[in-house]
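Sequence positions in the sequence shown follow this note's numbering and run 336 to 822.
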Amino acid sequence: MNDLHRALYRANRREFLKTTTKGLGGLALSSLLLPNGLTATSTPTAGGPGGGILSQLHHAPRAKRVIYLFQAGAPSQLETFDYKPVLNERWGQEIPDSVRGNQRLSGMVAAQSSFPLVGSVFPFTRHAKTGGYFSSLMPHTAKVADDLCVVNSMYTEAINHEPATIFMQTGSQQVGRPSIGSWLSYGLGSSNKNLPAFVVLLSRGKPDVQNLNMQSWGSGFLPSHHQGVQFRSGNDPVLYLNNPDGISRDRRRAELDALAALDREQQEHWGDPEIDSKISQYEMAYRMQASVPEMTDFSDEPQHVFDLYGEEARKPGTFAANCLLARRLVERDVPFVQLYHMGWDQHGNLPNDIQLLAKSSDQASAALVQDLKQRGLLEDTLVIWGGEFGRTSFSQGTLTRNNYGRDHHPRCFSIWMAGGGVKPGMVYGSTDDFGYNIREGGVHVHDLQATMLHLLGVDHERLVFRHQGRRYRLTDVHGHVVRDLLA
Numbered sequence: 336m337n338d339l340h341r342a343l344y345r346a347n348r349r350e351f352l353k354t355t356t357k358g359l360g361g362l363a364l365s366s367l368l369l370p371n372g373l374t375a376t377s378t379p380t381a382g383g384p385g386g387g388i389l390s391q392l393h394h395a396p397r398a399k400r401v402i403y404l405f406q407a408g409a410p411s412q413l414e415t416f417d418y419k420p421v422l423n424e425r426w427g428q429e430i431p432d433s434v435r436g437n438q439r440l441s442g443m444v445a446a447q448s449s450f451p452l453v454g455s456v457f458p459f460t461r462h463a464k465t466g467g468y469f470s471s472l473m474p475h476t477a478k479v480a481d482d483l484c485v486v487n488s489m490y491t492e493a494i495n496h497e498p499a500t501i502f503m504q505t506g507s508q509q510v511g512r513p514s515i516g517s518w519l520s521y522g523l524g525s526s527n528k529n530l531p532a533f534v535v536l537l538s539r540g541k542p543d544v545q546n547l548n549m550q551s552w553g554s555g556f557l558p559s560h561h562q563g564v565q566f567r568s569g570n571d572p573v574l575y576l577n578n579p580d581g582i583s584r585d586r587r588r589a590e591l592d593a594l595a596a597l598d599r600e601q602q603e604h605w606g607d608p609e610i611d612s613k614i615s616q617y618e619m620a621y622r623m624q625a626s627v628p629e630m631t632d633f634s635d636e637p638q639h640v641f642d643l644y645g646e647e648a649r650k651p652g653t654f655a656a657n658c659l660l661a662r663r664l665v666e667r668d669v670p671f672v673q674l675y676h677m678g679w680d681q682h683g684n685l686p687n688d689i690q691l692l693a694k695s696s697d698q699a700s701a702a703l704v705q706d707l708k709q710r711g712l713l714e715d716t717l718v719i720w721g722g723e724f725g726r727t728s729f730s731q732g733t734l735t736r737n738n739y740g741r742d743h744h745p746r747c748f749s750i751w752m753a754g755g756g757v758k759p760g761m762v763y764g765s766t767d768d769f770g771y772n773i774r775e776g777g778v779h780v781h782d783l784q785a786t787m788l789h790l791l792g793v794d795h796e797r798l799v800f801r802h803q804g805r806r807y808r809l810t811d812v813h814g815h816v817v818r819d820l821l822a
C-alpha cells in the first residue's frame with residue numbers, strides 16, 4: 336500500500352466529503368445567496384453600503400426607515416375608522432344572505448344560528464379636510480389626520496390570529512419564512528453598526544392576551560443574524576447581553592478576536608455561513624453593550640415629550656414607552672422597528688375592552704407621528720398602524736344595546752400609514768354599507784408589502800433568496816405596488 340492509499344484509508348467518510356466537496360460547495364452556496372451571478376468581490380452579507388446584499392437600490396427611495404405599530408388581535412375597523420351608520424339603523428336585524436354570501440367563518444361562530452347586525456356604540460366625527468371618519472375612541476389620531484393615509488380596504492386570506500399575523504409579517508401563513516424586517520436587514524443592511532438593523536418591542540394592552548409566535552420576527556431561511564432583536568423592559572433590555580461576573584470588556588474583546596481567528600481558519604475548510612452569522616451576532620452584542628444602555632435611558636427626554644406621549648411613556652414596556660423608544664431608534668438610523676401591541680381580540684364585551692386598548696394606543700401612536708414630524712424625520716420614516724384582519728359587522732354571542740362581540744373578518748379591515756412617501760391627508764378604498772365586503776380599491780396583504788418595499792427603493796420582485804431550489808421573496812409570487820397611495 337503506497338502513501339496515497341494509506342492516507343485514503345485513514346480518512347473517514349466525513350473528512351473525505353469535507354475535502355472533496357469544498358470547492359463545489361462554495362460555488363453552490365454562492366449561487367444560492369447571489370442568484371444574479373458570482374463576482375470576485377460580492378459577498379452575501381456585505382453587498383451594499385449598509386451591509387446588505389443589494390449593491391444599490393432599484394430606484395430612488397422615499398423612506399429610509401419603517402416603524403410598524405402592529406395591533407395584535409385585530410382592532411375592529413367598525414369602531415375605529417370605517418363608519419357604517421346603516422349598521423345602527425338596522426341594529427339586531429339579520430345580515431342579508433346577499434351580503435354574507437358563502438364566506439368562511441371561524442370556528443367560534445360555527446354553532447351560531449343567528450347573525451344580527453350591530454353598529455358601533457361610539458360616535459364618529461368626519462374630518463373637515465380629509466373627509467375621513469374617526470371614532471371617538473381615536474381623538475388623538477384624528478388630530479393628525481392631515482398626516483395620515485387611511486386605508487379602509489385592506490383584505491387578507493387568513494381567518495385565525497396566528498396564521499394571519501404570520502402572513503402579515505412574512506408573506507406566508509406557514510411558519511418558517513423570513514419576516515419583513517429580516518428581508519430588509521438582508522437586502523439593505525444598516526448604517527448604524529452599533530445597533531441591530533431590526534428591533535422588536537412588545538407591549539400588552541391588557542394582561543390576558545394571546546402570546547405571539549416568535550416566527551413573526553424570525554429570519555426563516557435567511558442567515559440568523561437577520562432575525563429581529565427583542566428589546567425588553569427592565570434592567571436587561573436585551574437578554575444575555577451583559578458579560579458574566581468576572582469577565583471584563585477587554586477580556587471579552589480578546590475572546591471575540593480569538594473566535595474570529597478560529598472562524599477564518601474554519602472558513603478555509605468548512606465554509607459554514609451560519610458560523611459567520613454567530614460571529615456577527617457576538618460582535619453586535621459587544622457593540623450593543625455600550626449603545627443599548629444609552630438608547631433605553633429616557634432621562635435626557637424633556638417634560639414636553641412625556642406630555643406628548645402621555646405619562647405611560649415613563650413606564651418601560653408600555654406601548655407609549657415603546658413608541659418613544661422607536662423614535663429614539665430611528666433617530667439613530669435603525670432601519671426597521673416592529674412594535675406589537677397585544678390585546679385587541681374582542682369576541683365579547685367589545686365596548687368595554689376596546690376602550691382600554693384604544694386608550695393605550697391612540698395618544699402614543701399620534702404622538703409618534705407628531706414627534707417624527709417636528710424633528711424632520713417623518714418625511715423619510717414610514718409609520719404603519721394596523722392589525723392582522725378585521726371584525727364582522729354581525730354580533731358574536733348575545734347582542735344587547737350595550738354589549739356585543741365581533742368575530743374575525745378577513746374580507747376587509749382598516750390600517751393607516753404616515754410619512755415615508757405616502758399621500759398624507761387621504762382615505763383610500765371603501766367597503767359596502769354593511770362594512771362586510773370591499774366596494775373599491777382593495778389592498779391585499781402582498782400589495783401592502785410590495786408598496787412598503789417600493790417606498791424603501793426596493794423592487795419586491797427582485798429582492799429574492801434561493802432556498803431548496805426555489806427563489807423566494809416577501810410577496811411570494813403575488814403583490815403589486817398601490818401607486819395611488821404614493822405621494
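Backbone N, C-alpha and C define an ideal beta-carbon position, used for all residues, glycine too.
Delimiting residues of the beta strand (DSSP E) encompassing residue 480: Mapped onto the sequence shown, residue 480 falls at position 145. Looking at the DSSP string, residue 480 is not in any beta strand (DSSP E), and its letter there is neither H nor E.
Give every residue of the same chain whose Cβ lies closer than 6 Å to the Cβ of residue 386, excluding the five residues on either side of it in the sequence, and list them in chain order. Here the question's residue 386 lines up with position 51 in the sequence shown. Correct list, in chain order: 524.
Tell me, please, whether the CB atom of residue 636 is closer than 8 Å to any CB atom in chain B? Among the protein chains of the structure shown there is no chain B, as only one such chain exists.
On the DSSP bridge assignment, give the partners of residue 561 in chain order. Along the sequence shown, read from residue 1 onward, the residue named residue 561 stands at position 226. DSSP lists no partner for residue 561.
As a quick exercise: from 555, 577, 707 and 649, pick the residue whose alpha carbon is nearest that of residue 609. Walking along the sequence shown from the start, residue 609 turns up at place 274. Answer by Cα proximity: 555.
Given a cut-off of 8 Å, decide if residue 484 and residue 753 are closer than it, judged by their beta-carbon atoms. In the sequence shown, the residue the question calls residue 753 occupies position 418. In the sequence shown, the residue the question calls residue 484 occupies position 149. Cβ atoms of residue 753 and residue 484: closer than 8 Å.
DSSP three-state label for residue 676, please. Mapped onto the sequence shown, residue 676 falls at position 341. Residue 676 falls in the strand class under three-state DSSP.
On the three-state DSSP scale, how would you describe residue 498? Counting from 1 along the sequence shown, the entry for residue 498 is found at position 163. Helix.
Note down, in chain order, each residue of its chain lying with its Cβ closer than 7 Å to the Cβ of residue 466, except the 5 sequence neighbours on either side. Indexing the sequence shown from 1 puts residue 466 at position 131. If we look at residue 466 and ignore the five residues flanking it on each side, its Cβ neighbours are 762.
Per DSSP, what are the beta-bridge partners of residue 726 in this structure? Counting from 1 along the sequence shown, the entry for residue 726 is found at position 391. Partner(s): 743.
For residue 640, which residues from the same chain have a beta carbon less than 8 Å from its beta carbon, with the 5 sequence-adjacent residues on both sides left out? By 1-based counting over the sequence shown, the position of residue 640 is 305. Only 648, 659 and 706 meet the Cβ criterion.
Coil, strand or helix - residue 386 by DSSP: As a first step, residue 386 is located in the sequence shown; it is residue number 51 there, counting from the start. Residue state, collapsed to three classes: strand.
Under a Cβ-count criterion, where at least 16 other Cβ atoms within 10 Å of its own Cβ denotes burial, should residue 632 be classed as buried or exposed? Along the sequence shown, one-based indexing puts residue 632 at 297. When all chains shown are included, residue 632 counts as exposed.
Would you say residue 578 and residue 584 are within 8 Å of each other, going by their C-beta atoms? Taking the sequence shown and counting its residues from 1, the one referred to as residue 578 is at position 243. Taking the sequence shown and counting its residues from 1, the one referred to as residue 584 is at position 249. In this structure, residue 584 lies closer than 8 Å to residue 578 by Cβ.
Whole-angstrom Cβ separation of residue 493 and residue 508, contact assumed at under 8 Å? Here the question's residue 493 lines up with position 158 in the sequence shown. Here the question's residue 508 lines up with position 173 in the sequence shown. Correct: roughly 5 Å between the Cβ atoms.
Return the bridge partner residues of residue 821 from the DSSP annotation. On the sequence shown, position 486 is the one that residue 821 refers to. Per DSSP, 757.
Keeping to the same chain, check which residues put their C-beta closer than 6 Å to that of residue 775; ignore five residues upstream and five downstream. Position 440 of the sequence shown holds residue 775. Answer for residue 775: 765, listed in chain order.
Note the first and the last residue of the continuous alpha helix (DSSP H) segment covering residue 647. Locating residue 647 in the sequence shown gives position 312, where the first residue counts as 1. No alpha helix (DSSP H) contains residue 647, which DSSP labels as neither H nor E.
Which residues does DSSP list as the beta-bridge partners of residue 704? Counting from 1 along the sequence shown, the entry for residue 704 is found at position 369. DSSP lists no partner for residue 704.
Quick check: what's the CA-CA separation for residue 517 versus residue 426? Indexing the sequence shown from 1 puts residue 517 at position 182. Indexing the sequence shown from 1 puts residue 426 at position 91. Spanning the two alpha carbons is a distance of roughly 45 Å.
Which of helix, strand or coil DSSP assigns to residue 314: This structure leaves residue 314 out entirely; the chain is present only between 336 and 822.
Member of 404, 393 and 397 whose CA lies at the smallest distance from the CA of residue 698: As a working mapping, residue 698 is identified with position 363 in the sequence shown. Comparing alpha carbon positions, the residue from 404, 393 and 397 closest to residue 698 is 404.
Return the first residue and the last residue of the alpha helix (DSSP H) that residue 654 is part of. In the sequence shown, residue 654 corresponds to position 319, counting from 1. Segment 654 to 666, the alpha helix (DSSP H) holding residue 654.
Simplified DSSP assignment, three categories, for residue 721: The residue you call residue 721 lines up with position 386 of the sequence shown. Strand.
I need the DSSP call for residue 617, collapsed to helix, strand or coil. Here residue 617 corresponds to residue number 282 of the sequence shown, with the count starting at 1. Helix, per DSSP.
Give me the residue from 804, 794, 499 and 614 with the minimum Cα distance to residue 815. Within the sequence shown, residue 815 is the residue found at index 480, counting from 1. It is 794 whose Cα lies nearest to the Cα of residue 815.
Residue environment, residue 803, which counts as buried when at least 16 other CB atoms sit within 10 Å: Locating residue 803 in the sequence shown gives position 468, where the first residue counts as 1. With fewer than 16 Cβ atoms within 10 Å of its Cβ, residue 803 is classed as exposed.
Given this structure, state the Cα-to-Cα distance separating residue 807 from residue 784, to the nearest angstrom. Counted from its first residue, the sequence shown places residue 807 at position 472. Counted from its first residue, the sequence shown places residue 784 at position 449. Computed Cα separation, rounded: 14 Å.
Three or more beta-carbon pairs under 8 Å between the stretch 440 to 451 and the stretch 660 to 671, yes or no? no
How is residue 766 classed by DSSP in three states: helix, strand or coil? Position 431 of the sequence shown holds residue 766. In the structure shown, residue 766 falls within a strand segment according to DSSP collapsed to helix, strand and coil.
CB-CB under 6 Å to residue 394, same chain, minus the five flanking residues each way: which ones, in chain order? If you number the sequence shown from 1, residue 394 lands on position 59. Around residue 394: 792.
Residues that residue 402 bridges to, as DSSP identifies them: Within the sequence shown, the letter at position 67 stands for residue 402. BP columns for residue 402 point to 672 and 718.
If you run the structure through DSSP and keep just helix, strand and coil, what is residue 393? Within the sequence shown, residue 393 is the residue found at index 58, counting from 1. If DSSP states are grouped into helix, strand and coil, residue 393 belongs with coil.
Could you say which of 686, 544, 760 and 563 lies nearest to residue 411 if we only look at CA atoms? For this step, residue 411 is matched to residue 76 along the sequence shown. Selected option, being the one with the closest Cα: 686.
Length of the line joining the Cα atoms of residue 498 and residue 586: Counting from one through the sequence shown, the residue named residue 498 turns up at place 163. Counting from one through the sequence shown, the residue named residue 586 turns up at place 251. Answer to the nearest angstrom: the Cα atoms are 45 Å apart.
Assuming residue 756 contacts residue 480 (C-beta within less than 8 Å), just tell me the rounded distance between them. What you label residue 756 is simply residue 421 of the sequence shown in a count that begins at 1. What you label residue 480 is simply residue 145 of the sequence shown in a count that begins at 1. Incorrect: roughly 18 Å between the Cβ atoms, too far for contact.
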